[in-house]
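Engineer:
Protein chains: 2
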Amino acid sequence: MADRGTADEAAKTLREAIMRLNRRVRQARPVGDLTFSQLSALTSLQLAGALTPRELADVERVQPPTMTKIVGKLEERGLVVRTPHPTDGRQVILSATEQGRAVYAQFEKARNEWLATQLAALAPDERETLAQAAEILQKISRA
Amino acid sequence: MADRGTADEAAKTLREAIMRLNRRVRQARPVGDLTFSQLSALTSLQLAGALTPRELADVERVQPPTMTKIVGKLEERGLVVRTPHPTDGRQVILSATEQGRAVYAQFEKARNEWLATQLAALAPDERETLAQAAEILQKISRA
DNA sequence: TCACGATTCTTAGCTTAGCTAATGAGCAAA
DNA sequence: TTTGCTCATTAGCTAAGCTAAGAATCGTGA
Numbered sequence: 020m021a022d023r024g025t026a027d028e029a030a031k032t033l034r035e036a037i038m039r040l041n042r043r044v045r046q047a048r049p050v051g052d053l054t055f056s057q058l059s060a061l062t063s064l065q066l067a068g069a070l071t072p073r074e075l076a077d078v079e080r081v082q083p084p085t086m087t088k089i090v091g092k093l094e095e096r097g098l099v100v101r102t103p104h105p106t107d108g109r110q111v112i113l114s115a116t117e118q119g120r121a122v123y124a125q126f127e128k129a130r131n132e133w134l135a136t137q138l139a140a141l142a143p144d145e146r147e148t149l150a151q152a153a154e155i156l157q158k159i160s161r162a
Numbered sequence: 020m021a022d023r024g025t026a027d028e029a030a031k032t033l034r035e036a037i038m039r040l041n042r043r044v045r046q047a048r049p050v051g052d053l054t055f056s057q058l059s060a061l062t063s064l065q066l067a068g069a070l071t072p073r074e075l076a077d078v079e080r081v082q083p084p085t086m087t088k089i090v091g092k093l094e095e096r097g098l099v100v101r102t103p104h105p106t107d108g109r110q111v112i113l114s115a116t117e118q119g120r121a122v123y124a125q126f127e128k129a130r131n132e133w134l135a136t137q138l139a140a141l142a143p144d145e146r147e148t149l150a151q152a153a154e155i156l157q158k159i160s161r162a
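In structure tokens form, the structure reads like this:
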């Protein structure tokens with residue numbers, strides 16, 4: 020069985036790789052379009068259907084004021100709408116517009132492109148390892 | 020062999036996990052201390068021994084002016100020194116000070132803590148998968 | 001009922017990260 | 001020596017993130 024030392028070592032390697040990959044993927048963004056954070060929020064919103072700002076902030080692991088800004092940008096572009104909560108006057112319901120869904124689908128593809136190209140160039144067993152790892156990482160990232 | 024569709028799917032999962040993990044790890048930073056980017060630059064510098072700003076920017080996948088700022092912050096804290104290049108008057112040699120190495124070692128441990136804890140909680144085979152994946156991801160991230 | 005505490009969202013104001021464009025210094029080669 | 005290139009930095013911008021504080025609303029206990 021792996022001991023704690025191994026976990027530390029793997030954590031370090033993983034952390035460094037995550038940081039660099041994050042920068043790489045961010046850089047793959049088409050010029051003049053949605054930023055990484057904006058696309059991420061839009062994605063979470065669509066996956067959930069509709070969320071309050073607080074909920075979206077929690078999902079995105081960001082403080083509410085930060086989400087207010089991000090949503091503001093998305094709303095300016097007509098990709099997200101704020102609608103009043105039916106019973107609670109304090110809350111707001113956020114949802115993606117038709118245009119928001121279209122823009123998302125359009126750029127999601129390009130967004131993955133660099134990474135998918137890298138994955139496709141790997142040996143089959145490496146790719147398999149990464150596919151499994153992706154599931155585990157996603158589980159961790161939601162914890 | 021895995022087809023392109025599989026790579027796309029894995030890329031998407033990976034990208035989302037990377038983004039959230041990145042935020043998580045950044046948030047694990049001790050208050051009032053080095054930021055993620057600063058620690059990352061300090062790490063790269065130590066691993067390489069000494070680098071010019073340009074080289075460090077390349078390693079960190081950042082534009083030179085961005086690195087100038089980061090190095091400036093590190094220098095203010097006495098963690099990095101700029102020394103003139105012996106033969107080329109345009110260039111500068113960056114290196115970590117003794118204090119820089121100490122600060123790095125001190126926070127590197129805490130930095131990995133959250134992630135290492137997550138990894139330690141996994142099943143042994145999952146941990147093994149992630150350890151292998153970490154190597155592959157690091158390879159990709161340097162490409 | 002109503003007053004007060006809690007919750008939700010937003011605003012204000014800040015720091016950091018990142019970019020491009022432009023500047024100045026130094027190198028190298030014609 | 002002049003011309004063009006490279007390196008680092010400066011200037012100036014946008015976006016991301018934070019905390020603190022505000023206004024509106026909810027809900028509960030007296």
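Chains as they are written, first to last, in this note's numbering: chain Y, 20 to 162; chain F, 20 to 162.
Yeah, the Cβ is synthetic: ideal placement off N, Cα and C, and Gly gets one too.
Out of Val99/Y, Ser160/Y and Ala135/Y, state which residue places its alpha-carbon closest to the alpha-carbon of Gln118/Y.
Structural biologist: Answer by Cα proximity: Val99/Y.
Engineer: What's the C-alpha gap between Gln82/F and Gln157/F?
Structural biologist: Answer to the nearest angstrom: the Cα atoms are 21 Å apart.
Engineer: For Gln125/Y, count the other beta carbons within 10 Å of its own beta carbon; 16 or more makes it buried, fewer makes it exposed. Which is it?
Structural biologist: Looking at its Cβ environment, which holds fewer than 16 other Cβ atoms inside 10 Å, Gln125/Y is exposed.
Engineer: Given Glu95/F, which residues of its chain have a CB within under 8 Å of its CB, disregarding the five upstream and five downstream residues?
Structural biologist: Contacts found: none.
Engineer: Residues of chain Y with a CB under 7 Å from the CB of Gln151/F: which are they?
Structural biologist: Per Cβ cutoff of 7 Å: Thr148.
Engineer: Please report the distance separating the alpha-carbon of Glu147/F from that of Leu58/Y.
Structural biologist: Their backbone Cα atoms lie some 32 Å apart in a straight line.
Engineer: Note down, one range per segment and in chain order, each alpha helix (DSSP H) of at least 4 residues found wholly within the stretch 67–116 of chain Y.
Structural biologist: 72–79 and 83–95, all fully within the stretch 67–116 of chain Y.
Engineer: Going by C-alpha distance, which of Thr136/Y, Gly108/Y, Met38/Y and Ala121/Y is nearest Leu61/Y?
Structural biologist: When each option's Cα is compared against that of Leu61/Y, the closest is Ala121/Y.
Engineer: At the 8 Å Cβ level, is Glu117/F part of the contact set with chain Y, yes or no?
Structural biologist: Taking Cβ atoms only, chain Y never reaches closer than 8 Å to Glu117/F, which makes this a no.
Engineer: Per DSSP, what kind of secondary structure is Ala162/Y in: helix, strand or coil?
Structural biologist: Three-state result, Ala162/Y: coil.
Engineer: By the criterion of Cβ-Cβ separation under 7 Å, what are the contact partners of Gln157/F in chain Y?
Structural biologist: Those within 7 Å of Gln157/F in chain Y are Thr32, Glu35 and Ala36.
Engineer: Mapping the DSSP letters down to three states, classify Leu141/Y as helix, strand or coil.
Structural biologist: The answer is coil: DSSP assigns Leu141/Y none of H, G, I, E or B.
Engineer: Measuring only between beta-carbons, confirm whether Gln82/F sits less than 8 Å from chain Y.
Structural biologist: Not an interface residue.
Engineer: Here's the rule I'm using: 16 or more other beta-carbon atoms within 10 Å means buried, otherwise exposed. How should Gln110/Y be labelled?
Structural biologist: Exposed.
Engineer: Could you work out which residues of chain Y lie near Glu154/F, taking near to mean beta carbons separated by less than 8 Å?
Structural biologist: Chain Y residues near Glu154/F: Thr32.
Engineer: For Ser59/Y, which residues in chain F fall below 9 Å Cβ to Cβ?
Structural biologist: Within chain F, the residues near Ser59/Y are Glu35, Met38 and Arg39.
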